[in-house]
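S.K.: Protein chains in written order, with our numbering: chain P, 25 to 376; chain X, 25 to 376; chain C, 25 to 376.
Glycine included, each C-beta is placed from N, C-alpha and C at the ideal position.
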Amino acid sequence: MSDKTNPGYFFEDFRLGQRLVHATPRTVTEGEVSLYVALTGSRFPLNSSDLFAGACGLEAAPLDDLLVFHLAFGKTVPDVSLNAVANLGYADCRFGVPVFPGDSLSTVSEVIGLKQASNGTTGVVYVRSHCVNQVGETVLAWIRWVLVNKRDAAAPAPEPVVPALPEAVPYGELVVPEGFEGAGYDCTLAGSLHLWEDYEPGERIDHVDAMTLEEAEHQLATRLYQNTAKVHFDQLAANANRFGRRIVYGGHVISIARALSFNGLANASRIAAINGGSHVAPTFAGHTLFAWSEVLDKAPLPGRDDLGVLRVRTVATKDRPCADFPDKGADGRPDPAVVLDLDYSVLMPRRA
Amino acid sequence: MSDKTNPGYFFEDFRLGQRLVHATPRTVTEGEVSLYVALTGSRFPLNSSDLFAGACGLEAAPLDDLLVFHLAFGKTVPDVSLNAVANLGYADCRFGVPVFPGDSLSTVSEVIGLKQASNGTTGVVYVRSHCVNQVGETVLAWIRWVLVNKRDAAAPAPEPVVPALPEAVPYGELVVPEGFEGAGYDCTLAGSLHLWEDYEPGERIDHVDAMTLEEAEHQLATRLYQNTAKVHFDQLAANANRFGRRIVYGGHVISIARALSFNGLANASRIAAINGGSHVAPTFAGHTLFAWSEVLDKAPLPGRDDLGVLRVRTVATKDRPCADFPDKGADGRPDPAVVLDLDYSVLMPRRA
Amino acid sequence: MSDKTNPGYFFEDFRLGQRLVHATPRTVTEGEVSLYVALTGSRFPLNSSDLFAGACGLEAAPLDDLLVFHLAFGKTVPDVSLNAVANLGYADCRFGVPVFPGDSLSTVSEVIGLKQASNGTTGVVYVRSHCVNQVGETVLAWIRWVLVNKRDAAAPAPEPVVPALPEAVPYGELVVPEGFEGAGYDCTLAGSLHLWEDYEPGERIDHVDAMTLEEAEHQLATRLYQNTAKVHFDQLAANANRFGRRIVYGGHVISIARALSFNGLANASRIAAINGGSHVAPTFAGHTLFAWSEVLDKAPLPGRDDLGVLRVRTVATKDRPCADFPDKGADGRPDPAVVLDLDYSVLMPRRA
Numbered sequence: 025m026s027d028k029t030n031p032g033y034f035f036e037d038f039r040l041g042q043r044l045v046h047a048t049p050r051t052v053t054e055g056e057v058s059l060y061v062a063l064t065g066s067r068f069p070l071n072s073s074d075l076f077a078g079a080c081g082l083e084a085a086p087l088d089d090l091l092v093f094h095l096a097f098g099k100t101v102p103d104v105s106l107n108a109v110a111n112l113g114y115a116d117c118r119f120g121v122p123v124f125p126g127d128s129l130s131t132v133s134e135v136i137g138l139k140q141a142s143n144g145t146t147g148v149v150y151v152r153s154h155c156v157n158q159v160g161e162t163v164l165a166w167i168r169w170v171l172v173n174k175r176d177a178a179a180p181a182p183e184p185v186v187p188a189l190p191e192a193v194p195y196g197e198l199v200v201p202e203g204f205e206g207a208g209y210d211c212t213l214a215g216s217l218h219l220w221e222d223y224e225p226g227e228r229i230d231h232v233d234a235m236t237l238e239e240a241e242h243q244l245a246t247r248l249y250q251n252t253a254k255v256h257f258d259q260l261a262a263n264a265n266r267f268g269r270r271i272v273y274g275g276h277v278i279s280i281a282r283a284l285s286f287n288g289l290a291n292a293s294r295i296a297a298i299n300g301g302s303h304v305a306p307t308f309a310g311h312t313l314f315a316w317s318e319v320l321d322k323a324p325l326p327g328r329d330d331l332g333v334l335r336v337r338t339v340a341t342k343d344r345p346c347a348d349f350p351d352k353g354a355d356g357r358p359d360p361a362v363v364l365d366l367d368y369s370v371l372m373p374r375r376a
Numbered sequence: 025m026s027d028k029t030n031p032g033y034f035f036e037d038f039r040l041g042q043r044l045v046h047a048t049p050r051t052v053t054e055g056e057v058s059l060y061v062a063l064t065g066s067r068f069p070l071n072s073s074d075l076f077a078g079a080c081g082l083e084a085a086p087l088d089d090l091l092v093f094h095l096a097f098g099k100t101v102p103d104v105s106l107n108a109v110a111n112l113g114y115a116d117c118r119f120g121v122p123v124f125p126g127d128s129l130s131t132v133s134e135v136i137g138l139k140q141a142s143n144g145t146t147g148v149v150y151v152r153s154h155c156v157n158q159v160g161e162t163v164l165a166w167i168r169w170v171l172v173n174k175r176d177a178a179a180p181a182p183e184p185v186v187p188a189l190p191e192a193v194p195y196g197e198l199v200v201p202e203g204f205e206g207a208g209y210d211c212t213l214a215g216s217l218h219l220w221e222d223y224e225p226g227e228r229i230d231h232v233d234a235m236t237l238e239e240a241e242h243q244l245a246t247r248l249y250q251n252t253a254k255v256h257f258d259q260l261a262a263n264a265n266r267f268g269r270r271i272v273y274g275g276h277v278i279s280i281a282r283a284l285s286f287n288g289l290a291n292a293s294r295i296a297a298i299n300g301g302s303h304v305a306p307t308f309a310g311h312t313l314f315a316w317s318e319v320l321d322k323a324p325l326p327g328r329d330d331l332g333v334l335r336v337r338t339v340a341t342k343d344r345p346c347a348d349f350p351d352k353g354a355d356g357r358p359d360p361a362v363v364l365d366l367d368y369s370v371l372m373p374r375r376a
Numbered sequence: 025m026s027d028k029t030n031p032g033y034f035f036e037d038f039r040l041g042q043r044l045v046h047a048t049p050r051t052v053t054e055g056e057v058s059l060y061v062a063l064t065g066s067r068f069p070l071n072s073s074d075l076f077a078g079a080c081g082l083e084a085a086p087l088d089d090l091l092v093f094h095l096a097f098g099k100t101v102p103d104v105s106l107n108a109v110a111n112l113g114y115a116d117c118r119f120g121v122p123v124f125p126g127d128s129l130s131t132v133s134e135v136i137g138l139k140q141a142s143n144g145t146t147g148v149v150y151v152r153s154h155c156v157n158q159v160g161e162t163v164l165a166w167i168r169w170v171l172v173n174k175r176d177a178a179a180p181a182p183e184p185v186v187p188a189l190p191e192a193v194p195y196g197e198l199v200v201p202e203g204f205e206g207a208g209y210d211c212t213l214a215g216s217l218h219l220w221e222d223y224e225p226g227e228r229i230d231h232v233d234a235m236t237l238e239e240a241e242h243q244l245a246t247r248l249y250q251n252t253a254k255v256h257f258d259q260l261a262a263n264a265n266r267f268g269r270r271i272v273y274g275g276h277v278i279s280i281a282r283a284l285s286f287n288g289l290a291n292a293s294r295i296a297a298i299n300g301g302s303h304v305a306p307t308f309a310g311h312t313l314f315a316w317s318e319v320l321d322k323a324p325l326p327g328r329d330d331l332g333v334l335r336v337r338t339v340a341t342k343d344r345p346c347a348d349f350p351d352k353g354a355d356g357r358p359d360p361a362v363v364l365d366l367d368y369s370v371l372m373p374r375r376a
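1) Assuming P/VAL163 and P/VAL121 form a contact by the criterion Cβ under 8 angstroms, report the distance between their Cβ atoms to the nearest whole angstrom.
2) List in chain order: all unbroken beta strand (DSSP E) runs of 3+ residues lying wholly within the stretch 220-282 of chain X.
3) Please return the same chain residues whose Cβ sits closer than 7 angstroms to the Cβ of P/ARG287, not counting the five positions on each side in sequence.
4) Going by CA-CA distance only, name the one from C/SER66, C/ALA376, C/GLY32 that's closest to C/ARG175.
5) Residues of chain X with a CB under 9 angstroms from the CB of P/GLU241: which are they?
6) Just how far apart, CA to CA, sit X/ALA347 and X/VAL277?
7) State buried or exposed for C/SER142, treating a residue as buried only when at least 16 other CB atoms are found within 10 Å of its CB.
8) Is X/ASN30 close to chain P, meaning its C-beta is less than 8 angstroms from at least one C-beta of that chain?
9) Determine the chain P residues that contact C/GLU54 at a beta-carbon separation under 7 angstroms, and present them in chain order.
10) Are the stretch 45-65 of chain P and the stretch 51-71 of chain X in contact at 8 angstroms, needing three or more beta carbon pairs?
11) For chain P, is any of its Cβ atoms less than 8 angstroms away from the one on X/ALA47?
12) Between which two residues does the alpha helix (DSSP H) containing X/LYS342 stretch?
13) If you reduce the DSSP assignment to three classes, tell me which class X/PHE119 lands in.
14) Do you know offhand how far C/PHE38's Cα is from C/VAL135's?
15) Taking the alpha-carbon of P/SER26 as reference, which of C/VAL101, C/GLY206, C/ALA47, C/ILE229 has the nearest alpha-carbon?
16) DSSP three-state label for P/GLU134, please.
17) What separation, rounded to the nearest whole angstrom, lies between the Cα atoms of C/ARG357 and C/ILE280?
18) Quick check: what's the CA-CA separation for X/ILE298 versus X/THR48?
19) I'd like to know whether the C-beta of X/ASP116 is nearer than 8 angstroms to at least one C-beta of chain P.
20) Taking a contact to mean a Cβ-Cβ separation below 8 angstroms, would you say X/VAL370 touches X/ILE295 in this structure?
21) Counting Cβ pairs closer than 8 angstroms, one from the stretch 140-157 of chain P and one from the stretch 95-111 of chain P, do we hit at least three?
22) Please confirm whether X/GLY332 and X/MET372 have their CB atoms less than 8 angstroms apart.
23) Output the distance between the C-alpha atoms of X/VAL12 and P/ALA245, rounded to the nearest integer angstrom.
24) Sorted by chain position, which residues of the same chain lie with C-beta nearer than 8 angstroms to X/ASN173's C-beta, five sequence neighbours on each side aside?
25) Comparing alpha-carbon positions, which option in X/GLY268, X/ASP355, X/LYS352, X/LEU82 lies nearest X/GLY203?
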């Protein structure tokens with residue numbers, strides 16, 4: 025094997041406190057924005073129209089929050105998860121200043137936890153990543169943890185350190201984009217009259233619509249994010265895996281679920297945090313995705329009467345409509361159709 | 025069913041004179057322009073090069089007329105045709121001021137006709153829609169009529185009103201983009217020396233080229249237009265329909281036919297009006313599209329000697345070359361390969 | 025057949041010294057840049073980030089060199105190769121001033137050689153093409169030669185003229201983008217610490233990664249380049265050819281191979297020349313591409329100590345990993361998995 029190709033980090037290559045400066049800085053443009061609409065069909069108005077965003081106090085339409093997430097996340101793959109066996113989870117994901125076309129993004133991670141597995145051949149690595157813009161403002165910060173192979177099973181185990189993972193980002197710490205005012209939000213143009221006051225904890229919404237996935241689509245999306253994880257692109261290798269299929273990047277599933285959720289959560293304008301989430305089962309091209317959501321909690325936003333927070337759980341399924349809200353059974357196991365279970369907090373305008 | 029999802033309008037929800045402010049305003053960018061080229065292969069030079077457009081007196085290359093049509097049309101779907109049984113037709117479609125990257129579009133419709141069907145369970149709704157830019161200039165206005173389900177068959181029928189539909193947009197009312205001068209048009213760079221003088225009514229042109237459609241392509245196109253009609257995206261539901269397939273958005277077929285028509289109508293620079301059209305049969309991924317055109321009429325443009333009008337009929341077929349111009353038979357029924365029959369008026373430069 | 029459609033040039037239509045002004049000028053934008061990333065997954069940092077490019081002395085991130093190649097090349101197809109039997113080769117391909125979003129490109133070719141084939145029904149046409157930007161600077165110049173059908177086998181043969189084809193573009197004639205300084209190049213952000221000093225002639229690199237091709241992807245790419253060659257788009261015609269498949273545009277294969285080569289040649293920042301290349305076998309959707317490279321030569325760049333030249337040969341295969349460098353056998357015939365064999369020269373930063 026050439027010494028010029030990237031071998032990725034193995035478990036024993038990570039050190040507590042280690043700083044990983046990820047490659048492939050990216051200037052994001054209107055091209056990304058258009059492709060994201062074409063790939064997901066997203067209709068959230070704040071991200072669709074400069075006029076609409078301007079009326080809400082923003083300088084222009086910011087990039088979709090999840091587009092920022094995918095671009096930021098993609099950069100971490102060659103360092104953090106090239107030798108990963110599994111992406112175990114993410115937490116404490118906070119969206120910072122909005123990203124506009126022309127901004128340049130780069131991502132840095134810090135190793136905040138390490139725990140070798142009992143079998144001695146793998147270990148869990150916890151990293152906190154920061155994605156910043158060209159003036160160093162944080163646009164996204166998040167923790168993820170992955171199960172990574174060891175190069176050499178005989179390598180000594182590090183002192184186990186497992187970071188505290190918040191159950192959710194505290195509402196008081198959610199970032200409201202500078203200048204953003206719910207007062208300028210036009211519900212008619214947004215496509216829904218349902219505002220923060222209209223949602224109640226426990227409420228469940230079937231998002232009704234559906235989207236069938238194609239190989240070309242998820243590959244285009246994943247390459248757009250410069251995410252190089254081989255499982256999404258290499259059918260020859262996939263022929264030998266237990267699925268026989270390329271696996272759809274889980275982030276594409278999140279984006280499709282979010283786009284479907286517009287029908288019922290149209291005014292969930294801004295994802296302010298992802299509290300946690302799980303890719304319950306792999307998704308493949310040909311699957312038709314559906315989604316439903318549950319309002320987990322609602323709260324006013326401290327110091328503001330124009331915006332409130334909804335904590336939402338969105339569940340996506342494959343090849344199964346969600347009119348009856350397919351979920352975990354009495355045994356705690358998810359319905360076999362469920363592919364995604366995402367817990368996030370959104371900012372929603374309040375009635376004036 | 026949640027009260028938060030959009031149920032769409034049923035026939036009895038429409039009122040004569042009702043004004044529908046459609047959601048999802050959109051700032052269009054160079055991203056849309058690039059995607060449109062990638063999705064259609066369009067080569068019309070006015071839309072391809074700022075230099076070429078500038079030589080013709082425009083400030084920059086405007087968006088392809090059909091791209092504007094699709095973006096404007098897509099916004100009407102959630103209100104007008106979510107409960108539609110069929111799109112019956114469109115008429116009096118007038119292209120106004122050109123759209124440039126950076127413009128922000130929004131669409132409003134007015135109900136101009138209502139006629140309950142004799143079976144009492146459906147009715148025809150006629151709407152006139154206007155798409156305007158950020159300064160309120162009309163970029164597109166058109167009439168369409170759709171057959172819409174009633175929610176409740178017992179709901180009383182409205183007084184029937186059927187609007188007068190012009191057979192064609194009068195040539196004298198066609199909009200020439202401000203500043204546009206045929207004198208600056210460079211035929212060599214356009215790729216064809218055939219100008220307005222060279223076409224004659226009755227002339228038929230086989231456009232020779234062909235384009236095979238893929239699921240990912242029509243889905244990307246239709247999502248780019250934020251058109252949410254379920255039949256284009258949901259294979260699980262399609263498994264139960266009489267085709268067993270997702271239906272390609274008819275507008276994508278129009279765009280492919282227009283792109284194919286470049287080979288024979290390269291200097292048909294600007295679609296000024298769509299007089300009428302019919303999606304004769306559904307199109308599915310895997311179909312290979314061909315097209316031929318007939319010059320229905322030609323006329324000078326009142327007050328101009330640099331531009332003339334051609335009224336053109338373009339017919340698209342699936343899986344059948346058009347060397348013999350497949351058309352209606354003696355019984356008036358279209359050739360089974362025909363999928364599109366479009367009547368439109370174009371502006372074409374005249375010889376200096 | 026209509027006199028309005030483009031019949032293309034047949035062999036007897038070409039004249040030595042003839043100048044072909046190609047149609048479809050194009051203003052390139054950020055939209056093309058984003059699509060190119062989505063279609064290829066390219067991660068070369070100079071083309072990804074304005075900040076990175078700025079640190080290297082450029083005004084912004086230039087378009088990927090191969091994106092420029094494809095856009096320039098596409099324009100020549102309707103004139104040069106519409107009636108081609110085969111694309112025989114290209115040589116002396118020199119990349120000039122970088123292309124930035126907003127530039128407008130057009131291409132002109134000159135016939136520099138003609139040689140009728142012995143069977144009298146075809147002939148080889150050699151053209152030298154220049155693609156220029158809006159101020160007339162050359163962004164790309166190259167020679168290609170194609171085997172073209174005669175319209176009339178009885179047409180007299182021209183005096184045979186075969187131009188001298190350089191084996192490679194001399195290193196001293198390679199264009200360094202104005203202002204480009206290797207000193208500002210950040211290896212960490214680029215993703216690789218391996219610079220010009222670290223590569224040696226004869227060194228071979230397996231690029232490890234793989235990419236499976238889809239019909240929608242190669243069609244989107246080829247249409248984006250406004251390349252109209254029918255074999256890429258018409259499945260109905262393909263059903264009757266010996267492959268039964270649409271053929272992937274060879275340029276898309278080059279781009280995928282280049283994107284794969286990032287893993288091992290990450291700092292091969294700029295393609296300065298393509299010395300020659302051969303599409304050894306056709307590629308179809310469903311094939312998984314792999315690539316390996318060999319360093320053919322290295323040289324300092326005259327007058328510079330911040331940049332060096334590597335002459336590289338990249339070989340792409342279909343459905344076959346490249347760990348053992350599949351190549352020509354003892355009989356000189358390529359391994360049956362090889363689809364591309366490309367010889368090119370890159371500029372790579374030197375260690376300070």
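M.R.: Walking through what the data contain:
1) Numbered from 1 along the first sequence, position 139 holds the residue referred to as residue 163 of chain P. Numbered from 1 along the first sequence, position 97 holds the residue referred to as residue 121 of chain P. Under the criterion of beta carbons closer than 8 angstroms, P/VAL163 and P/VAL121 qualify as touching, at roughly 6 angstroms.
2) As far as the stretch 220-282 of chain X is concerned, its whole beta strand (DSSP E) runs of at least 3 residues are 228-230.
3) Position 263 of the first sequence holds residue 287 of chain P. Note that residue 287 of chain P is Asn in the sequence shown here, rather than Arg. Counting only Cβ-Cβ distances below 7 angstroms, and skipping sequence neighbours, we find HIS231, VAL232, ASP233.
4) To locate residue 175 of chain C, count along the third sequence from 1; it is residue 151. Relative to the Cα of C/ARG175, the nearest Cα in the group C/SER66, C/ALA376, C/GLY32 belongs to C/GLY32.
5) On the first sequence, residue 241 of chain P is found 217 positions in, with the first residue counted as 1. Those are GLU239, ALA240, GLN243, LEU244, listed as they occur along chain X.
6) Taking the second sequence and counting its residues from 1, one reaches residue 347 of chain X at position 323. Taking the second sequence and counting its residues from 1, one reaches residue 277 of chain X at position 253. The alpha-carbon atoms of X/ALA347 and X/VAL277 are separated by roughly 19 angstroms.
7) In the third sequence, counting from the first residue as 1, residue 142 of chain C sits at position 118. Exposed is the call here.
8) Translated into the one-based positions of the second sequence, residue 30 of chain X becomes position 6. Yes, X/ASN30 counts as interfacial toward chain P.
9) Within the third sequence, residue 54 of chain C is the residue found at index 30, counting from 1. Residues of chain P passing the Cβ test: THR53, GLU54, GLY55.
10) Yes, they touch.
11) Counting from 1 along the second sequence, the entry for residue 47 of chain X is found at position 23. Chain P contact via Cβ: present.
12) As a working mapping, residue 342 of chain X is identified with position 318 in the second sequence. Annotation for X/LYS342: no alpha helix (DSSP H) segment contains it, though the beta strand (DSSP E) segment containing it runs 331-342.
13) If you number the second sequence from 1, residue 119 of chain X lands on position 95. Note: X/PHE119 maps to strand in three-state DSSP.
14) Taking the first residue of the third sequence as 1, we reach residue 38 of chain C at position 14. Taking the first residue of the third sequence as 1, we reach residue 135 of chain C at position 111. Pairing C/PHE38 with C/VAL135, the inter-Cα distance amounts to about 7 angstroms.
15) Along the first sequence, read from residue 1 onward, the residue named residue 26 of chain P stands at position 2. Minimum Cα-Cα distance from P/SER26 among the listed residues C/VAL101, C/GLY206, C/ALA47, C/ILE229 corresponds to C/ILE229.
16) Walking along the first sequence from the start, residue 134 of chain P turns up at place 110. It is a strand residue.
17) Against the third sequence, residue 357 of chain C aligns to sequence position 333. Against the third sequence, residue 280 of chain C aligns to sequence position 256. C/ARG357 and C/ILE280 have their alpha carbons spaced roughly 23 angstroms apart.
18) Walking along the second sequence from the start, residue 298 of chain X turns up at place 274. Walking along the second sequence from the start, residue 48 of chain X turns up at place 24. Approximately 24 angstroms between the Cα atoms of the pair.
19) Here residue 116 of chain X is taken as the residue at index 92 of the second sequence, counted from 1. Not closer than 8 angstroms to any Cβ of chain P, the Cβ of X/ASP116 fails to qualify, so no.
20) Locating residue 370 of chain X in the second sequence gives position 346, where the first residue counts as 1. Locating residue 295 of chain X in the second sequence gives position 271, where the first residue counts as 1. Less than 8 angstroms divides the Cβ of X/VAL370 from the Cβ of X/ILE295.
21) Yes: at least three Cβ pairs fall under 8 angstroms.
22) Numbered from 1 along the second sequence, position 308 holds the residue referred to as residue 332 of chain X. Numbered from 1 along the second sequence, position 348 holds the residue referred to as residue 372 of chain X. Yes, Cβ-Cβ distance for X/GLY332 and X/MET372 is below 8 angstroms.
23) Summary: the structure shown does not reach residue 12 of chain X, with chain X confined to residues 25 through 376, and so no result is reported for it.
24) Position 149 of the second sequence, counted from the start, is the residue given in the question as residue 173 of chain X. These residues qualify, in order along the chain: PHE34, PHE35, ASN107, ALA108, VAL109, THR145, THR146.
25) For the purposes of this step, residue 203 of chain X is identified with residue 179 of the second sequence, where counting begins at 1. Closest option to X/GLY203, Cα to Cα, is X/LEU82.
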